[in-house]
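Contents: one structure, followed by commentary.
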Amino acid sequence: MRPTRRQLLGASLGGVVAAGIGLPAAADLSTEGLVRSRIRPPKFRDAWFPITRYGAAPGGATDCTAAIAAAVTACHEAGGGHVVVPPGVWQTGAINLLSHVDLHLEEGATLRFSTDPAAYLPVVRTRWQSVEVYNYSSLIRAEGQTDIGITGKGVLDGAGDNEHWWYLIGSGQYGWHTGLPNQREDWAELERMNNEQVPVDQRVFGAGHYLRPSFIQPFRCTNVLIEGVTVKDSPMWTIHPLECRNVTIQGVTVNNLGPNGDGCDPESCTDVLIRGCTFATHDDCIAIKSGRDADGRRLGLPSRGIIVEDCTFLSGGAAVAVGSEMSGGIEDVFVRRLHAPADPAADEAYLQWLLCVKSTSTRGGYVHNVDVRDVDSRAWMYRPLEITFSYQGGGDQSLFPDVRGIRFDDVRVARAERAYRIVGAETQHIRSVAITNSRFDEVAAEAVVQYADDVTVRNVRIGTS
């Protein structure tokens, strides 16, 4: 029988672990400075376009999709500004943003999105679990635009629950039962298309298929700002910047306990700042990605220059995950001042990881220069730091990633199954990892290091000794 978390913690082990020879070089902080210097949120013209001017009506009974589209177009054609959503509940389908337009939700405003898949047609080019495909539009989308924003103190409600969207994963946990459709066959077919490199224009899903859309997806956009809003109950991934440059996401609250309900997934993006956000998710809170398997290697579009700072993590898989879809490469990730509080109302508050670098034998790609500093975790978790090549098994054993330059410094963890687990492959070792100046107060099992070179643990306390 699997032990409970309490039993694991009751068997806490103490001691200090040291390995490797010499401290690997610190992450290049001059690189961090350069990344910061390049990230500048867009500014918008002082012009205001209330959606009510274009026929929108509150209350949830009126479909405001056309009115919002008209407001966005008018704002864009006038040279930009703010499309304003006043207080109230406003029902809508897909929203497409245009250059120089800020979608601004006033306090007390809720945009409630349709659960009818037809509201997200026609299909658009996107990625689904990091595989290129033509599928339903995300709920809010922009493609090839410059200077776009989603701001304010209002709520974006994706309306996902066990009766809408979530059951399509095919799990009874999310309301699926025999007789309901699910995504399994579609996902298997899309994976086959990826593995065989079927041309993307032949990978058409959408109507009659069951691949759930993400919530917010700027695609191939430059200068993106998402600020202040609360985003809840997405059909799938919540905030998914894809192939973007210069992205700022700050002061955002994500509540999404649905399946594949990641909080924020910058994918194949350059220069991204995620600051002062709060996450309560079932899956990873932040997951940095760059394409899956053959698609990721073909496109060769890495994610680089990612800064995460001053964020709070209430629940989820990893606070920050790197991968597992990272075949295009990930480099220069700087994580600062994270907080994972315990919930006094819960028996066992939890995350699974603070940082998880996860890949498989089919991914290839690389992860270089990930620097994590100043983390305080009161929440229970499995492993504060994990680097693994066995997130999903199978496939070509020659396609492990190149992982090096991982630094974990000034991390304080109250309770964990084990402090860290770093396991490469016999044919592909992890290289240059440092865990320094950190404390793991209650742990149940010893740390693990296998198939890893130049791993240094210095000034680290594990357990109470």
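Each residue of the sequence shown is one higher than the one before, starting from 234 at the first, in the numbering used here.
Yeah, the Cβ is synthetic: ideal placement off N, Cα and C, and Gly gets one too.
Can you have a look at residue i and say buried or exposed, based on whether 16 or more other CB atoms are within 10 angstroms of its CB?
i: residue 473; result: buried
i: residue 331; result: buried
i: residue 692; result: exposed
i: residue 432; result: exposed
i: residue 355; result: exposed
i: residue 726; result: There is simply no residue 726 to check, as the chain begins at 234 and stops at 698 in what is shown.
i: residue 536; result: buried
i: residue 279; result: exposed
i: residue 501; result: buried
i: residue 430; result: exposed
Measuring straight from C-alpha to C-alpha, what distance separates residue i and residue j?
i: residue 499; j: residue 591; result: 16 angstroms
i: residue 447; j: residue 676; result: 37 angstroms
i: residue 504; j: residue 538; result: 5 angstroms
i: residue 274; j: residue 265; result: 17 angstroms
i: residue 237; j: residue 554; result: With a pLDDT of only 36 at residue 237, under the threshold of 50, the placement of this residue in the model should not be trusted, and no figure is reported.
i: residue 622; j: residue 595; result: 10 angstroms
i: residue 634; j: residue 317; result: 45 angstroms
i: residue 298; j: residue 324; result: 8 angstroms
i: residue 649; j: residue 549; result: 15 angstroms
i: residue 276; j: residue 337; result: 13 angstroms
i: residue 341; j: residue 659; result: 56 angstroms
i: residue 401; j: residue 357; result: 20 angstroms
i: residue 530; j: residue 632; result: 11 angstroms
i: residue 651; j: residue 673; result: 9 angstroms
i: residue 434; j: residue 683; result: 43 angstroms
i: residue 571; j: residue 687; result: 26 angstroms
i: residue 398; j: residue 409; result: 10 angstroms
i: residue 285; j: residue 339; result: 13 angstroms
i: residue 377; j: residue 456; result: 11 angstroms
i: residue 544; j: residue 469; result: 21 angstroms
For residue i, does the three-state DSSP call read helix, strand or coil?
i: residue 547; result: strand
i: residue 396; result: coil
i: residue 542; result: strand
i: residue 506; result: strand
i: residue 624; result: coil
i: residue 456; result: strand
i: residue 559; result: strand
i: residue 433; result: helix
i: residue 314; result: strand
i: residue 658; result: strand
i: residue 471; result: coil
i: residue 419; result: helix
i: residue 407; result: helix
i: residue 308; result: helix
i: residue 610; result: strand
i: residue 675; result: strand
i: residue 536; result: strand
i: residue 493; result: coil
i: residue 340; result: coil
i: residue 482; result: strand
Measure how close the beta-carbons of residue i and residue j come, nearest whole angstrom, since I'm counting them as under 8 angstroms.
i: residue 700; j: residue 461; result: No answer is possible for residue 700: it lies beyond the span of the chain, which begins at 234 and ends at 698.
i: residue 489; j: residue 517; result: About 11 angstroms; that fails the 8 angstroms criterion.
i: residue 608; j: residue 644; result: 4 angstroms
i: residue 423; j: residue 364; result: 5 angstroms
i: residue 443; j: residue 416; result: 4 angstroms
i: residue 546; j: residue 512; result: 5 angstroms
i: residue 464; j: residue 584; result: 19 angstroms between Cβ atoms; not a contact.
i: residue 494; j: residue 481; result: The Cβ separation is near 22 angstroms, so there is no contact.
Would the beta-carbon of residue i fall within 8 angstroms of that of residue j?
i: residue 557; j: residue 450; result: no
i: residue 327; j: residue 287; result: no
i: residue 471; j: residue 496; result: yes
i: residue 532; j: residue 561; result: yes
i: residue 563; j: residue 620; result: no
i: residue 565; j: residue 268; result: yes
i: residue 212; j: residue 359; result: The first residue shown for the chain is 234 and the last is 698, placing residue 212 beyond what the model contains.
i: residue 523; j: residue 534; result: yes
i: residue 407; j: residue 491; result: yes
i: residue 653; j: residue 616; result: yes
i: residue 485; j: residue 459; result: yes
i: residue 392; j: residue 348; result: yes
i: residue 319; j: residue 350; result: no
i: residue 300; j: residue 289; result: yes
i: residue 666; j: residue 695; result: no
Does the beta carbon of residue i come closer than 8 angstroms to any beta carbon on chain D?
i: residue 377; result: Among the protein chains of the structure shown there is no chain D, as only one such chain exists.
Measuring only from the beta carbon, is residue i closer than 7 angstroms to any heavy atom that is part of the ligand ZN?
i: residue 587; result: Among the components of this structure there are no ligands whatsoever, and the ligand ZN is therefore not found.
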